[in-house]
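A.B. asks:
Protein chains in written order, with the numbering used here: chain A, 1 to 389; chain B, 1001 to 1304.
1. Which ranges would you report for the alpha helix (DSSP H) in the stretch 315–354 of chain A if only whole runs of at least 4 residues count?
2. Is it true that the stretch 1157–1173 of chain B meets the stretch 1071–1080 of chain B, where meeting means three or more beta-carbon pairs spaced less than 8 Å apart?
3. Verify whether the separation of the beta carbon atoms of residue 263 (chain A) and residue 274 (chain A) is less than 8 Å.
4. Note down, in chain order, each residue of its chain lying with its Cβ closer than 8 Å to the Cβ of residue 369 (chain A), except the 5 sequence neighbours on either side.
5. Per DSSP, residue 307 (chain A) forms a beta bridge with which residues?
6. Closer than 8 Å by C-beta to residue 191 (chain A): which residues in its own chain qualify, once you throw out the five before and the five after it? Chain order, please.
7. Between which two residues does the alpha helix (DSSP H) harbouring residue 262 (chain A) extend?
8. Does the distance from the C-beta atom of residue 1108 (chain B) to that of residue 1211 (chain B) stay below 8 Å?
9. Is the stretch 93–104 of chain A touching the stretch 124–134 of chain A in the sense that three or more CB pairs, one from each, lie closer than 8 Å?
10. Does residue 1137 (chain B) come within less than 8 Å of chain A when only Cβ atoms are used?
11. Which class does residue 36 (chain A) belong to by DSSP, given the choice of helix, strand or coil?
12. When you compare the CB of residue 348 (chain A) with every CB in chain B, is at least one pair closer than 8 Å?
13. Hey, out of A:291, A:382, A:330, A:340, whose CA is closest to residue 139 (chain A)'s CA?
14. Going by beta carbon distance, what residues of the same chain come within less than 6 Å of residue 195 (chain A), once the five residues before and after it are set aside?
15. Considering only their Cβ atoms, is the gap separating residue 382 (chain A) from residue 198 (chain A) smaller than 8 Å?
16. Taking C-beta pairs closer than 9 Å, name the residues in chain B that residue 234 (chain A) reaches, listed in chain order.
17. Jot down the residue ranges of each uninterrupted alpha helix (DSSP H) in the stretch 1203–1232 of chain B, minimum 4 residues, whole runs only, in chain order.
18. If the criterion is Cβ atoms closer than 8 Å, does the pair residue 165 (chain A) and residue 331 (chain A) meet it?
19. Do residue 54 (chain A) and residue 145 (chain A) have their CB atoms nearer than 8 Å?
20. Excluding the 5 residues flanking residue 334 (chain A) on each side, which residues of the same chain have their C-beta closer than 6 Å to its C-beta?
21. With a threshold of 8 Å between beta carbons, is residue 1208 (chain B) in contact with chain A?
22. Is the CB-CB distance between residue 1174 (chain B) and residue 1238 (chain B) below 8 Å?
23. So, using beta-carbon positions, are residue 1019 (chain B) and residue 1036 (chain B) closer together than 8 Å?
24. Quick one: residues in its chain with C-beta nearer than 6 Å to the C-beta of residue 1245 (chain B), no 5 flanking neighbours on either side, listed in chain order?
25. State yes or no: is the beta carbon of residue 333 (chain A) nearer than 8 Å to at least one beta carbon in chain B?
26. State buried or exposed for residue 1158 (chain B), treating a residue as buried only when at least 16 other CB atoms are found within 10 Å of its CB.
27. Apart from the five residues just before and just after residue 177 (chain A), which ones in its own chain have a Cβ nearer than 6 Å to its Cβ?
28. So with CB distances below 9 Å, who are the chain B contacts of residue 251 (chain A)?
29. So, is the C-beta of residue 1033 (chain B) closer than 8 Å to a C-beta in chain A?
30. At the level of alpha carbons, what is the spacing between residue 1015 (chain B) and residue 1207 (chain B)?
31. Would you verify that the beta carbon of residue 1307 (chain B) is, or is not, closer than 8 Å to some beta carbon of chain A?
32. What did DSSP end up calling residue 1304 (chain B) once you bin it into helix, strand or coil?
33. How is residue 1118 (chain B) classed by DSSP in three states: helix, strand or coil?
34. Straight-line CA distance for residue 203 (chain A) to residue 355 (chain A)?
35. Quick one: what's residue 283 (chain A) bridged to in DSSP?
36. Based on Cα-Cα distance, which residue from A:286, A:311, A:361, A:250 lies nearest to residue 79 (chain A)?
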């Protein structure tokens, strides 16, 4: 009898805690989505198609907007949309996991009047495709994916172009000829960036080696600090990374007197002494252009209703401002290479490109296209590190 | 390379060791607190936020410890007073802490703090091999080095320590001595929370100088597991925590040198190695579990 009573007590306590939690979860959802927005009843006759007739535009972020990284870059892009569409409400939700939870968030945005939705993380793609099927009148723009549907297009920037240029900077600045690259998972995007950085550094300094270390996570500051310290202990003097949150690694490098190359967003203020430059996104123009296409009813069949890719030329990827330690001749050299990429005379992956084993991956004289590069499954010569076979 | 791995072990393992030591004391008194993860996370966040607001890592540290203690008090109240299921309450506290800190911590993700930095101890840090490994860390690491023997002495050679262990074994004895097992359990669980909070603080204001939602990433759970595999001994908890840190350092060092092993295998190494070694160490002594913890695992019988 007593045991039963205890069980019931613990059950009740458990349930109360769960209820508190769900209330909390709803609160932390906070931002704008929870607020009521009136859905307009009258649709304008002239404009139809996915994305038209809404009162809001929704943005989903996988992490926090202040991560000095992937999500900050996307958040800045959403601010550009806010400026360019004063009549539409911008709904934002941070820390949206790459699960069915993302579907719930998108449906809530749709109920609040959104007809255009930007799921900005790679893993938001499948949830977005599911929601897109259920709401054919809503236009979706997914960041980084390759799968598309009638009302869902994907886009991404060729950030490896600016990663190459930051590699050139690092190759000129290193004194130990050892560069460290802290990465998340061995996926094509990540491998491509390691390769681009290495190709850039090697183009100006054939002796460099790039030590690549996988952490197996996108944002675990403890592991990042361990990886950074481990690489610095091995004599690396420039650290760069492919992580979602970039602050810990840049600050660790700064505290230990090493140089750092940023990624995703400008974080130069974190490292006044050691910051060199970084490959960063500038989504404002592209986000606005895509939103405009959808709002004006021109989405179906447009270039955005596919897997759209742009690069340095269109300004979606940029080089972050140089740090104070970078001398003028290095800046001039990097600028020269940037212009060469722009006018097409320099292709970072122009063959011959060899992998770690020395096998030729890109033949002499061949300039690979974006599809070939986005399926990269090898590391180039000069990288120390392994990918699962 | 060995110096690098051992140094890395201590860097990565110290926050876990704090939490583990606290949990040794709590479990010795007969309470298992999975909420240690929540206490750690609360400690990490509060220490960071208070350090940022006050500019003092010391005040931040104190606040972080107290935050950990507060989460543990919820556990203590529900488990000791309300007799709720220990494992269920512990898990719930983890989720509570994750939600609360993610919500309150949004504005702190991009903040910079002047946290605690490594201090090389003069003379000692110049000793080859031992110097860099043990004597070039932040002050909390030195503190935890001292706490291991202190807690060991407390548990096995001090009178309150004997009472605490008796509470975990046979609370009737404590009762008959005119002491309150309830009070002793409260104190033990609170101490566990305080230590987990300090461990979280070490992670946020000393090791990484960063706050990010859910940044403890299961380190508190590892700490609880270590206690069980460490047979409730502070010295073995130290071995376990630094083994965990060491495996992490080892996998990073191997990757950095281009060892031909899949990183996915290496990611598992910290968990695998810690389990295997502690399993081997533990095999010889099977029944060192505090008597009243059996109730947690085998169901409540009597117990009163």
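Just so it is clear, CB atoms sit at the ideal spot from N, CA and C, and this is done for glycine as well.
C.D. replies: Well, looking at it:
1. Runs found: 328–342.
2. Because the criterion of three Cβ pairs below 8 Å is not met, the stretch 1157–1173 of chain B and the stretch 1071–1080 of chain B do not touch.
3. Here residue 263 (chain A) is taken as the residue at index 263 of the first chain, counted from 1. Here residue 274 (chain A) is taken as the residue at index 274 of the first chain, counted from 1. Cβ distance not < 8 Å, so residue 263 (chain A) and residue 274 (chain A) don't count as in contact.
4. Residue mapping note: residue 369 (chain A) aligns to position 369 of the first chain, counting from 1. Closer than 8 Å at the Cβ level, and outside the excluded window around residue 369 (chain A), lies no residue.
5. For the purposes of this step, residue 307 (chain A) is taken as residue 307 along the first chain, with counting starting at 1. Per DSSP, A:154.
6. Counted from its first residue, the first chain places residue 191 (chain A) at position 191. So the qualifying residues of the chain are 376, 377, 378, 379, 387.
7. The count along the first chain starts at 1 and reaches residue 262 (chain A) at position 262. No alpha helix (DSSP H) holds residue 262 (chain A); the beta strand (DSSP E) holding it covers 259–264.
8. Taking the first residue of the second chain as position 1, residue 1108 (chain B) is located at position 108. Taking the first residue of the second chain as position 1, residue 1211 (chain B) is located at position 211. In this structure, residue 1211 (chain B) lies closer than 8 Å to residue 1108 (chain B) by Cβ.
9. Yes: at least three Cβ pairs fall under 8 Å.
10. Translated into positions along the second chain, residue 1137 (chain B) becomes position 137. No, its Cβ sits nowhere closer than 8 Å to a Cβ of chain A.
11. As a first step, residue 36 (chain A) must be located in the first chain, where it is residue number 36. Reliability of the predicted coordinates at residue 36 (chain A) is poor, the pLDDT of 42 falling under 50, and no value is obtained from them.
12. Taking the first residue of the first chain as position 1, residue 348 (chain A) is located at position 348. Interface flag for residue 348 (chain A) against chain B is unset, since no Cβ pair is found closer than 8 Å.
13. Counted from its first residue, the first chain places residue 139 (chain A) at position 139. The shortest Cα separation from residue 139 (chain A) among A:291, A:382, A:330, A:340 belongs to A:291.
14. Position 195 of the first chain, counted from the first residue, corresponds to residue 195 (chain A). If you ignore the 5 residues before and after residue 195 (chain A), its C-beta comes within less than 6 Å of the C-beta of 380, all in its own chain and listed in chain order.
15. Here residue 198 (chain A) corresponds to residue number 198 of the first chain, with the count starting at 1. Here residue 382 (chain A) corresponds to residue number 382 of the first chain, with the count starting at 1. Against a cut-off of 8 Å, the Cβ pair of residue 382 (chain A) and residue 198 (chain A) comes out as a contact.
16. Counting from 1 along the first chain, the entry for residue 234 (chain A) is found at position 234. Neighbours of residue 234 (chain A) in chain B, taken as residues whose beta carbon is under 9 Å from its own, are 1001, 1004, 1253, 1256, 1257 in chain order.
17. For the alpha helix (DSSP H) assignment, the uninterrupted runs of no fewer than 4 residues enclosed by the stretch 1203–1232 of chain B are, from N- to C-terminal side, 1219–1229.
18. Here residue 165 (chain A) refers to the residue found at position 165 when the first chain is read from its first residue. Here residue 331 (chain A) refers to the residue found at position 331 when the first chain is read from its first residue. When the beta-carbon positions are compared, residue 165 (chain A) and residue 331 (chain A) stay at least 8 Å from each other.
19. Locating residue 54 (chain A) in the first chain gives position 54, counting from the first residue. Locating residue 145 (chain A) in the first chain gives position 145, counting from the first residue. Cβ atoms of residue 54 (chain A) and residue 145 (chain A): not closer than 8 Å.
20. Reading the first chain from its first residue, position 334 is the one you call residue 334 (chain A). So the qualifying residues of the chain are 165, 168, 169.
21. The count along the second chain starts at 1 and reaches residue 1208 (chain B) at position 208. Against chain A, the CB of residue 1208 (chain B) has a partner CB under 8 Å away; the residue lies at that interface.
22. In the second chain, residue 1174 (chain B) corresponds to position 174, counting from 1. In the second chain, residue 1238 (chain B) corresponds to position 238, counting from 1. The answer is no: Cβ separation not under 8 Å.
23. For the purposes of this step, residue 1019 (chain B) is identified with residue 19 of the second chain, where counting begins at 1. For the purposes of this step, residue 1036 (chain B) is identified with residue 36 of the second chain, where counting begins at 1. Yes, Cβ-Cβ distance for residue 1019 (chain B) and residue 1036 (chain B) is below 8 Å.
24. Position 245 of the second chain, counting from 1, holds the residue named residue 1245 (chain B). 1009, 1012, 1013, listed in sequence order.
25. To locate residue 333 (chain A), count along the first chain from 1; it is residue 333. So no, residue 333 (chain A) is outside the interface.
26. Working through the second chain from its first residue, we reach residue 1158 (chain B) at position 158. With a threshold of 16 other beta carbon atoms within 10 Å, residue 1158 (chain B) falls short and is exposed.
27. Working through the first chain from its first residue, we reach residue 177 (chain A) at position 177. Within the same chain, residue 177 (chain A) has close Cβ partners 207, 208.
28. Here the question's residue 251 (chain A) lines up with position 251 in the first chain. Neighbours of residue 251 (chain A) across chain B, judged by C-beta separation under 9 Å: 1112, 1208, 1209, 1210.
29. Locating residue 1033 (chain B) in the second chain gives position 33, where the first residue counts as 1. No, no contact with chain A.
30. Sequence index remark: in the second chain, residue 1015 (chain B) carries index 15 (1-based). Sequence index remark: in the second chain, residue 1207 (chain B) carries index 207 (1-based). Between the alpha carbons of residue 1015 (chain B) and residue 1207 (chain B) lies a gap of roughly 9 Å.
31. Any property of residue 1307 (chain B) remains undetermined from this structure, which presents chain B solely from 1001 to 1304.
32. Numbered from its first residue, the second chain carries residue 1304 (chain B) at position 304. Here residue 1304 (chain B) scores only 38 on pLDDT, less than 50, and its place in the model is too uncertain to base an answer on.
33. Within the second chain, numbered from 1, the residue matching residue 1118 (chain B) stands at position 118. The answer is coil: DSSP assigns residue 1118 (chain B) none of H, G, I, E or B.
34. Along the first chain, one-based indexing puts residue 203 (chain A) at 203. Along the first chain, one-based indexing puts residue 355 (chain A) at 355. C-alpha separation (whole angstroms): 15 Å.
35. What you label residue 283 (chain A) is simply residue 283 of the first chain in a count that begins at 1. According to DSSP, residue pairing for residue 283 (chain A) in a beta bridge does not occur.
36. In the first chain, the residue the question calls residue 79 (chain A) occupies position 79. Out of A:286, A:311, A:361, A:250, A:286 has the C-alpha closest to the C-alpha of residue 79 (chain A).
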